[in-house]
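Enquirer: Quick one: the structure is below, questions incoming.
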Amino acid sequence: MSILKTLTPERVKGKVVVVRTDFNVPLKNGKITEDSRILLAMPTLQFLIQNGAKQVHILTHMGRPKNEIVPELSTRILIPSLEKLLGEQVHFRSDFTANDGLVQLHENTRFWKGEKKNDPNFARQIRDGIGAELFVLDGFSVAHRAHASVVGLAEAGVESCAGRLLESEIKYLSPFLSQSKIKGLTVIAGGAKMETKVAVLQHFAKTAENILIGGALANTFLVAQGHDVGKSLFEETEVPKAQEVLKLADSYKNGIHLPVDVQVASNPDAESVYVPVEDVSGDMKIFDLGPRTIASFREIIAHSKIIIWNGPVGFFEKSPFDTGTRDIADAVAKNEKCTSILGGGDTVAAIKTLGFHTEQFTHVSTGGGAMLEFLEGKELPGVKIVMK
Ligand code: 3PG
Ligand code: MG
């Protein structure tokens, strides 16, 4: 396997460095509500400053503006956090030109139409406007996007390497690419959007001893097994894919575990009850796992050596439907002997909302879509450009 080009003092010293971070942080009423992507970029930014970079230029996207300026999505909002964490003045640049400040933060890359289509002219505009001598890709969570600010500078001939965050994500996630069975591996998959998870489930159906399925994802699997899920959310077009995943796990003699009981209500505000999956019908909607399922999932988690978790297993935003996700997080955190990897914006938000700390898990990935695509074995465009 090729290896990453990483940050070294020699690569950095005296250079004008462009760093592509992923500061696509959640915002509410003009405030940053979750800043872990900013905190996790610090090792790279500090390395650059401490090792004598001539200038550090930060690029990021925020949100999904459609090639136009959306004032609420301006990267200016990041300045106070960055200045506090770096202890340096951060110079804001509304375009891709440089002034003589040490640390310069540029405007949201998605305000320009060349960004998403990776227009080589736009990449050259960034390269030449800033005078880039080294490009550092640090935002693992955007590495699955072949956008100009992610791959374009390397393609325009700027020397490129991986930042510390990208490096550490690859280190923790690479062992899961193994094509042979990984002893003691349990995969927990929840959330919705089956479409984004099928490939990764197909991969793990071959290599994980156990796959535990919850969330709306489980409903699609229950339908695949012939169950009535009442009015629950599920993805009809994905049912055949769910059947394939079940068959695949079976043929590899791996366990794939669906809920045997669930918490249902006619709507999230109505009274809820626990029922066996066989009894779901009519206008019932499944919002969480039931106690027997939770107990058996806990048992499997307690005996696992490696756990990888993506997606809440219930409607955790609303009590009492947070029970399953809280119990699963608790079981993972309590198995101190295991290596636990969590990923996906919803999963991280869930554990934080439920009062857990990222330190209770071995590695919390910043990647959502990027993590899933990486684990299914896809070559991520951003990772490819920083390979030796
Ligand atoms: C994310 O939060 O998923 C990344 O920042 C990528 O953003 P995108 O899904 O809008 O490309
Ligand atoms: Mg995304």
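Residues in the sequence shown are numbered from 111 upward in steps of one, following the numbering used here. The beta carbon of each residue, even a glycine, is placed where N, CA and C say it ideally should be. These numbers come from a predicted model, not from an experiment.
#1: For residue 412, count neighbouring Cβ atoms within 10 angstroms of its own Cβ and tell me buried if that reaches 16, exposed if not.
#2: Is the stretch 184–193 touching the stretch 222–240, taking contact as three or more C-beta pairs under 8 Å?
#3: Indicate whether residue 243 and residue 114 have their beta-carbon atoms separated by less than 7 Å.
#4: By Cβ distance below 6 Å, which residues in the same chain neighbour residue 129 in space, the five residues on each side in sequence not counted?
#5: Looking at residue 410: is its Cβ nearer than 7 Å to the Cβ of residue 329?
#6: Scan the stretch 251–311 and note each continuous beta strand (DSSP E) run of 3 residues or more that stays entirely inside, going in chain order.
#7: Could you have a look at residue 473 and say whether DSSP puts it in helix, strand or coil?
#8: Would you please state the rounded distance, in angstroms, between the beta carbons of residue 438 and residue 298? I believe it to be under 8 Å.
#9: So, at 8 Å on beta carbons, what are the nonlocal neighbours of residue 333 in its own chain, with the 5 sequence-adjacent residues on each side left out?
#10: Just checking residue 474 against the ligand 3PG - is the residue's beta carbon closer than 6 Å to any of the ligand's heavy atoms?
#11: Label residue 263 either buried or exposed according to how many other C-beta atoms from any shown protein chain fall within 10 Å of its C-beta, with 16 as the threshold for buried.
#12: Considering only heavy atoms of the ligand 3PG, does any lie closer than 6 Å to the CB of residue 130?
#13: Just curious, the beta strand (DSSP E) that residue 239 is in, first and last residue?
#14: Give me the residue from 477, 118, 427 with the minimum Cα distance to residue 133.
#15: Between the beta-carbon of residue 206 and the beta-carbon of residue 239, is there less than 7 Å?
#16: Starting from the Cα of residue 135, find the closest Cα among 180, 389, 152, 170 and give me that residue.
#17: Take residue 417 and list the residues in its own chain whose beta-carbon comes closer than 6 Å to its own, dropping the five residues that flank it on each side.
#18: Is it true that the CB of residue 259 sits closer than 7 Å to the CB of residue 219?
#19: Under three-state DSSP, which class holds residue 453?
#20: For the ligand 3PG, I want to know if residue 239 counts as a neighbour, meaning its beta carbon is within less than 6 Å of at least one of the ligand's heavy atoms.
#21: Let's see if you can read the secondary structure: which residues bound the alpha helix (DSSP H) around residue 153?
#22: Could you tell me if the beta carbon of residue 75 falls within a distance shorter than 6 Å of some heavy atom in the ligand 3PG?
#23: Is it the case that the CB of residue 450 approaches a heavy atom of the ligand 3PG more closely than 6 Å?
#24: When DSSP builds the beta bridges, which residues end up paired with residue 383?
Expert: Here's the rundown:
#1: exposed
#2: Output reads no: the stretch 222–240 does not touch the stretch 184–193.
#3: Taking 7 Å as the Cβ cut-off, residue 243 and residue 114 do not qualify as a contacting pair.
#4: Answer for residue 129: 168, 246, 248, listed in chain order.
#5: no
#6: 270–272, 292–299
#7: strand
#8: Contact holds; Cβ gap of about 6 Å.
#9: 339, 344, 346, 349, 352
#10: no
#11: buried
#12: no
#13: From DSSP, residue 239 is part of no beta strand (DSSP E) but of the alpha helix (DSSP H) over 230–240.
#14: Closest by alpha carbon: 477.
#15: yes
#16: If we check each option's Cα against that of residue 135, 170 comes out closest.
#17: 296, 442, 448, 450
#18: yes
#19: strand
#20: no
#21: 152–160
#22: Limits of the chain in this structure are 111 at one end and 498 at the other, which puts residue 75 out of reach.
#23: With a cut-off of 6 Å, the C-beta of residue 450 is classified as distant from the ligand 3PG, since no heavy atom of the ligand falls inside that distance.
#24: 374
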